[in-house]
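Residue numbers (my numbering): 14 to 123. Built from N, CA and C at the ideal position, the CB exists for glycine as well.
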């Protein structure tokens, strides 16, 4: 049986990323670095918000709640951070406050 991970139990950097995704709600984060498994916000990444007609384009309603269990997509994102440890994220797509797709720069391996 696995422990439930909530936003309140995250490291400050991971919590900040979750809150940024919730604030964006729809859009993407570009140029985010991950070092030692943690997102780095210096220098700050670029945020591009999408405005979807017929949708609530404001911050996700769960933004102010620290007690909710992390959704599977967020847990999968942090599993990648834990496994890879160091990443240069070119683009992290956000849909309804959740990560849905990520593009990373990778060195060519011969």
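Per DSSP, residue 52 lies in no alpha helix (DSSP H) segment; the continuous beta strand (DSSP E) that holds it begins and ends at 51-53. Sixteen is the threshold: when 16 or more other Cβ atoms of the shown chains lie within 10 Å of the Cβ of residue 45, as they do, the residue is buried. The DSSP assignment places 39-48, 51-53, 59-62 and 100-108 as complete runs of the beta strand (DSSP E) inside the segment 26-112, in order along the chain (cut-off: 3 residues). Beta-carbon to beta-carbon, residue 19 and residue 82 are separated by about 6 angstroms, close enough to satisfy the 8 angstroms threshold.
Across the set 96, 74 and 112, the C-alpha of 112 shows the shortest separation from the C-alpha of residue 86.
Here DSSP, grouped into helix, strand and coil, assigns residue 19 to strand.
Taking each of 89, 60, 50 and 116 in turn and checking the Cα distance to residue 33, the smallest one comes out for 60.
With 16 or more other Cβ atoms inside 10 Å of its own Cβ, residue 110 counts as buried. In the structure shown, the three-state DSSP call for residue 24 is coil. Between residue 58 and residue 42, the C-beta spacing is below 7 angstroms.
Just so you know, the alpha carbons of residue 21 and residue 115 end up roughly 24 angstroms apart.
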